[in-house]
Every structure is written in structure tokens, then in C-alpha cells.
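Notes follow the structure.
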Amino acid sequence: MKRIFCLLLAALLALPALAACETIVTIVSAPEQTAPQRPPCFPDPADDYIPLPDTENLAQGKPVASGAHTDVYVDRNVNDGKTDTYWESKGFPAEITFDLQGTYTVSTVAVCLNPSSIWEPRIQEIAVEVSPDGETFTQVAAPDRYQFDAATGNRVRIDFDPMPAAFVRLIFTLNSSSRTGGAQAAEICVYE
Ligand SMILES: [Ca+2]
């Protein structure tokens with residue numbers, strides 16, 4: 008009898024606890040969200056990046072040729088779709104040519120470095136030429152100095168009048184970075 012009494016007493020003591028549990032359970036339905044969202048207090052740095060065309064990058068994965076490169080930074084790094092691999096020329100001027108494997112009416116070239124702020128701001132001087140056959144080239148963007156800055160994505164965009172091209176060549180003649188004596192590009196993109 009004493010044991011039964013103890014069991015009844017324990018059950019009675021547990022009832023308020025069970026009741027308390029029920030009162031703190033709150034069912035919250037998930038908000039409607041179809042894509043990742045960033046709170047306003049955490050702005051996306053990419054919002055300040057120089058915008059690039061959202062059309063196909065005609066240079067990616069295409070045959071590429073350049074002169075001498077520095078260390079392991081070969082030219083095929085420049086159109087592999089990764090900004091953590093890059094090409095670095097050995098000295099200036101530095102030419103790099105893409106075979107688009109077809110004729111396209113091109114109007115924009117982008118040169119990108121790694122967007123990490125470890126890559127400090129620098130200026131590179133770049134000209135752009137196009138060709139129908141890989142032998143005769145026409146300049147479409149005269150040499151100009153472009154500012155690379157992680158705050159704007161460490162990328163520059165060179166727009167020019169649309170021109171038919173099967174080959175696109177960039178000629179680098181200056182890099183203000185004190186860490187290298189050559190041109191640098193993590194990705195070079197070509198767009199119609
Ligand atoms: Ca790359």
C-alpha cells in the first residue's frame with residue numbers, strides 16, 4: 008500500500024511539470040523563402056562588384072596562347088572558370104590570345120583577379136585586339152589603365168564597338184603591383 012501511495016504521489020507531482028511543458032511548446036511556421044536571404048545589416052560585398060554580362064563567356068575553356076609565364080602560373084589558368092588560379096606573364100609587353108573556335112560579334116572583355124582583399128589594389132594597362140583568322144588583328148580598345156580593387160570585385164570591364172571576331176588578343180603593358188614584374192589575370196572573359 009505504501010508503494011502504491013508513493014507512485015500516486017509521484018504521478019501527481021509530475022502533472023504540473025507536464026502541463027508546463029505543454030504551455031511552452033510553440034509551433035512556428037517557416038517564412039516563405041525560395042532563395043538564400045541576407046539580412047540588411049550584412050550587405051553582400053558582391054553588390055559593389057563591377058557588373059559583367061550574364062551571357063556566355065566565349066573564352067572559357069577555349070584554346071589560349073601566350074608568351075613566357077612566371078613560375079607555375081600558366082596561361083591555361085586564365086580561362087578555367089576559377090578565380091583562385093591565375094596567369095602571370097614574365098615581363099612586358101605580355102600578349103595572350105584566345106581562339107574562340109567560331110566567329111562571334113564581340114563587344115566586351117573582362118579581366119578578373121582573385122576577388123579576395125589579399126590581392127591589394129593595382130593598375131594594369133591593357134589593350135584589346137580582334138582577328139578573323141588569328142593573323143591579322145584590329146585594335147578595338149586602345150591601351151588604357153584599369154584599376155583593380157577588391158572593393159569592386161578585383162575585376163575590370165572593357166567595352167568596345169561590336170566587332171566580328173574568331174580570335175581575341177589582350178596586350179598588357181603595365182602592372183603597378185610591386186609583387187610582380189608581369190601581367191596577372193585569374194580569368195579573362197569575352198562576351199558578345
Ligand atoms: Ca582561373
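Residue numbers for the sequence shown follow the working numbering, so the first one is 8 and each next one is one higher.
All C-beta atoms, glycine included, are put in the ideal place defined by N, C-alpha and C.
Cβ separation of residue i and residue j, assumed to be a contact under 8 angstroms, to the nearest whole Å
| i | j | result |
| --- | --- | --- |
| Ile-165 | Val-135 | 6 angstroms |
| Glu-199 | Val-85 | Actually they are not in contact, since the Cβ atoms of Glu-199 and Val-85 sit about 19 angstroms apart, beyond 8 angstroms. |
| Phe-167 | Asn-161 | Contact doesn't hold; Cβ gap of about 21 angstroms is too wide. |
For residue i: DSSP bridge partner residues
| i | result |
| --- | --- |
| Tyr-153 | Gln-131 |
| Arg-176 | Thr-104, Glu-136 |
| Trp-126 | DSSP lists no partner for Trp-126. |
| Val-118 | Val-163, Ile-195 |
| Leu-181 | Glu-132 |
| Glu-39 | Answer is none; Glu-39 lacks a bridge partner. |
| Thr-112 | Pro-171 |
Nearest-angstrom Cα separation, counted from residue j out to residue i
| i | j | result |
| --- | --- | --- |
| Tyr-93 | Leu-120 | 8 angstroms |
| Arg-157 | Pro-47 | Note on residue identity: the sequence assigns Ala, not Arg, to residue 157. Each residue's Cα considered, the two are about 21 angstroms apart. |
| Lys-89 | Ile-57 | 17 angstroms |
| Val-71 | Ala-42 | 37 angstroms |
| Tyr-153 | Val-163 | 7 angstroms |
| Gln-146 | Val-118 | 17 angstroms |
| Phe-105 | Ser-73 | 9 angstroms |
| Trp-126 | Ile-31 | 51 angstroms |
| Ala-96 | Tyr-80 | One point to set straight first is that residue 96 is Ser, not Ala, in the sequence displayed. Those two C-alpha atoms are separated by around 8 angstroms. |
| Ala-190 | Thr-77 | 10 angstroms |
Reduced DSSP secondary structure (H/G/I, E/B, other) of residue i
| i | result |
| --- | --- |
| Ile-31 | helix |
| Val-81 | coil |
| Asp-54 | helix |
| Ala-148 | strand |
| Ala-75 | coil |
Notebook entry, point to check: Is there contact here, the stretch 177 to 187 with the stretch 119 to 139, by at least three beta-carbon pairs under 8 angstroms?
Noted result: yes
Next item on the list: Please determine if the stretch 28 to 40 and the stretch 53 to 60 are in contact, where contact requires at least 3 C-beta pairs separated by less than 8 angstroms.
Entry: no
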